[in-house]
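Enquirer: So the sequence shown is residues -25 to -1, 1 to 341, counted in mature numbering (1 follows the signal peptide of the UniProt record, and there is no 0).
Cβ atoms here follow ideal geometry from the backbone N, Cα and C, with glycine treated the same way.
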Amino acid sequence: MPVRRHIPLPIFAVAVLFAVTFANVACRSSAKAASNQSAGAAASTPAWASFQDPYEKAFTAEVPQGWTVRGGLFRMGFSDERPMIDITSPDGQTDVRLGDVAIPAYTLPSQLHPTEGQTVDLGAQAQLVIARYRTGPEFAVLYAHVRFYKTCQNPTADTSDVNFTVPDYIPDTTNGSGVTQNSTGRIAYSCGSGASQKIAFTAARTVETGQIWTAPTLGSFITPPGQLALARSILLHCAQTFKLSPAWLNYQKQMDVYALQYQQARQQNRMTQLAQQVQQFEAQMQAMRNQVNSFESQQATEQSQFQSFDNALVGVTPTIDPLTGQSRDVWTGSQSGYWADGMGNVVNSATAPPGGGWHQLQVPNP
């Protein structure tokens, strides 16, 4: 298959083992996290309970006792496993998240695959999305836009909170080998007022290794100002107590061996029907991907959110043409309105159409 030729197997195997295995787990506060006038008094120390990945027993971490905790190790392929913990306070006002199952590994555009947003299907090994490298600050902004678009509308910058850092805490097994770009960024903003005011925060680190890039550090929370210090402390404690199981690490090594065998078999049979062994691998991975359904009962809603992130990442805004009723993706512009003419041209304007023969495209509510 052309896809396999443009991603050399040795490069992919090393990069995905490093980049995807823990692509989305992040949380640790700076030891000198500054106090904030909106944070109120220092966070009270909660009682902690142990949370274990319910699917593969891959990790444990300590979480606040009495809070709602969801997540685990979601496997999307032999070398595509995505840890995530989502923690919600009893009053539903604070949500802290480590990693995100929605975030895949990305592969850079190439001559054979130049279009951002398309999926590179490596079957049971992994799923990649074509996208140019985004720096940590760029990625943090894009992720925050989707993570909080429902709960934090019309946000304003809150620069007093960006000093809260989320450094790495999972060792880099590659020792930096092959890394061509490495960038860290964070964003904090506030929304609402009075009793409905919230503070949202996202931190991310992105790493490019060969043709593959990922966000190996990703942490976020949304909280009322009075619980800001508490949300920070939870991120810190989760990071400090997150432990990978030695038995699972050995298991993952075997999975990566299977991944190499699988990809070799798939390449050898790319012009013919897949061998029985390959078909078994495919069935196993499909069963594992079905685990994702247990994270959210409203899977359709989550899928819509995942798609929104992809749209934001590649600079695309979905619209509907009211004259035809057809969906149409347009390049995201700086203005709020999109206008089309009968020739298929689209302009971005916040006020009025550029002239006669133009009609406004509808942007669906997220």
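Given a cut-off of 8 Å, decide if residue 287 and residue 117 are closer than it, judged by their beta-carbon atoms.
Expert: It is a contact, given that the beta carbons lie within the stated cut-off.
Enquirer: So, does the region 30 to 46 touch the region 187 to 195, judging by three or more C-beta pairs under 8 Å?
Expert: The region 30 to 46, when compared against the region 187 to 195, does not touch it at the 8 Å Cβ threshold.
Enquirer: Measuring CB to CB, does residue 285 end up less than 8 Å from residue 92?
Expert: Cβ distance < 8 Å, so residue 285 and residue 92 count as in contact.
Enquirer: Given that a residue counts as buried once 16 or more other Cβ atoms are within 10 Å of its Cβ, and exposed if not, what is residue 67?
Expert: Exposed, since its Cβ has fewer than 16 Cβ neighbours within 10 Å.
Enquirer: In angstroms, rounded to a whole number, what distance separates the CA positions of residue 170 and residue 237?
Expert: Straight-line Cα distance between these residues: approximately 54 Å.
Enquirer: By the three-class DSSP mapping on this structure, what secondary structure does residue 8 have?
Expert: Unreliable placement is indicated for residue 8, whose pLDDT of 35 sits below 50; the coordinate value is still reported in the next sentence. Of the three classes helix, strand and coil, the one that applies to residue 8 here is coil, per DSSP.
Enquirer: Terminal residues of the continuous alpha helix (DSSP H) containing residue 231?
Expert: Counting along the chain, the alpha helix (DSSP H) containing residue 231 begins and ends at 221 to 243.
Enquirer: What residue does the alpha helix (DSSP H) around residue 113 start on, and which one ends it?
Expert: First-last of the alpha helix (DSSP H) with residue 113: 111 to 122.
Enquirer: Buried or exposed, going by whether 16 or more other CB atoms sit within 10 Å of the CB of residue 298?
Expert: So residue 298 ends up on the exposed side.
Enquirer: Does the beta-carbon of residue 122 have 16 or more other beta-carbons within 10 angstroms, so that it is buried, or is it exposed?
Expert: With 16 or more Cβ atoms within 10 Å of its Cβ, residue 122 is classed as buried.
Enquirer: Please report the residue range of the alpha helix (DSSP H) in which residue 215 lies.
Expert: From DSSP, the alpha helix (DSSP H) with residue 215 extends over 203 to 216.
Enquirer: Between the region 212 to 224 and the region 74 to 90, do at least 3 Cβ pairs fall closer than 8 Å?
Expert: They do not touch, by the three-pair rule.
Enquirer: Can you tell me whether residue 130 is buried or exposed? The criterion is at least 16 other CB atoms within 10 Å of its CB, across all chains shown.
Expert: Its Cβ being crowded by 16 or more others within 10 Å, residue 130 is buried.
Enquirer: Here's the rule I'm using: 16 or more other beta-carbon atoms within 10 Å means buried, otherwise exposed. How should residue 339 be labelled?
Expert: With fewer than 16 Cβ atoms within 10 Å of its Cβ, residue 339 is classed as exposed.
Enquirer: For residue 310, which of 302, 328 and 317 has the nearest alpha-carbon?
Expert: The shortest Cα separation from residue 310 among 302, 328 and 317 belongs to 328.
Enquirer: If you check the beta carbons only, do residue 51 and residue 86 fall under 8 Å apart?
Expert: It is not a contact, given that the beta carbons lie outside the stated cut-off.
Enquirer: Measure the CB-CB distance between residue 218 and residue 34 and report whether it falls below 8 Å.
Expert: Cβ distance < 8 Å, so residue 218 and residue 34 count as in contact.
Enquirer: Comparing C-alpha positions only, which one of 184, 200 and 337 sits nearest to residue 324?
Expert: Of the listed residues, the one whose Cα sits closest to residue 324 is 337.
Enquirer: So for residue 285, helix, strand or coil by DSSP?
Expert: Helix at residue 285.
Enquirer: Using DSSP's beta-bridge definition, name the partner residues of residue 187.
Expert: Beta-bridge pairing links residue 187 to 82 and 184.
Enquirer: In terms of residue numbering, what span does the beta strand (DSSP E) encompassing residue 48 cover?
Expert: 43 to 52 is the extent of the beta strand (DSSP E) around residue 48.
Enquirer: Could you please give the first and the last residue of the uninterrupted beta strand (DSSP E) stretch that includes residue 59?
Expert: First-last of the beta strand (DSSP E) with residue 59: 55 to 63.
Enquirer: Taking all protein chains shown into account, do 16 or more other C-beta atoms lie within 10 angstroms of the C-beta of residue 202, making it buried, or fewer, making it exposed?
Expert: By the 10 Å Cβ count, residue 202 comes out buried.
Enquirer: Report the residue from 38, 54 and 47 whose alpha carbon sits nearest the alpha carbon of residue 234.
Expert: Ranking the options by Cα distance to residue 234, first place goes to 54.
Enquirer: Just how far apart, CA to CA, sit residue 27 and residue 62?
Expert: Answer to the nearest angstrom: the Cα atoms are 13 Å apart.
Enquirer: If the criterion is Cβ atoms closer than 8 Å, does the pair residue 210 and residue 194 meet it?
Expert: Contact: yes.
Enquirer: Taking residue 77 as part of the beta strand (DSSP E), name the residues at either end of that continuous run.
Expert: Careful: residue 77 lies outside any beta strand (DSSP E) and carries neither H nor E.
Enquirer: Taking the DSSP output, what are the residues bridged to residue 104?
Expert: BP columns for residue 104 point to 81 and 94.
Enquirer: Between residue 313 and chain B, is any beta-carbon pair separated by less than 8 Å?
Expert: Among the protein chains of the structure shown there is no chain B, as only one such chain exists.
Enquirer: Expressed to the nearest angstrom, what Euclidean distance is found between the alpha-carbon atoms of residue 71 and residue 139?
Expert: If you take the alpha carbons of residue 71 and residue 139, they lie about 14 Å apart.
Enquirer: In whole angstroms, what separates the C-alpha of residue 305 from that of residue 164?
Expert: Cα to Cα, residue 305 sits roughly 27 Å from residue 164.
Enquirer: Where does residue 178 fall in DSSP's three states?
Expert: Correct three-state label for residue 178: strand.
Enquirer: Quick one: give me the first and last residue of the beta strand (DSSP E) that residue 162 is part of.
Expert: Counting along the chain, the beta strand (DSSP E) containing residue 162 begins and ends at 154 to 166.
Enquirer: Express the C-alpha separation of residue 332 and residue 47 in angstroms, rounding to a whole number.
Expert: Distance between the alpha carbons of residue 47 and residue 332 is about 53 Å.
Enquirer: Can you list, in chain order, the residues of its chain with a C-beta nearer than 8 Å to that of residue 294? Leave out the 5 residues immediately preceding and following it.
Expert: Taken in chain order, the residues that qualify are 302, 303, 304, 305, 313, 336, 337, 338 and 339.
Enquirer: Look at the alpha carbon of residue 141 and the alpha carbon of residue 82, and state the distance between them as a whole number of angstroms.
Expert: Near 24 Å, if we compare the C-alpha coordinates of residue 82 and residue 141.
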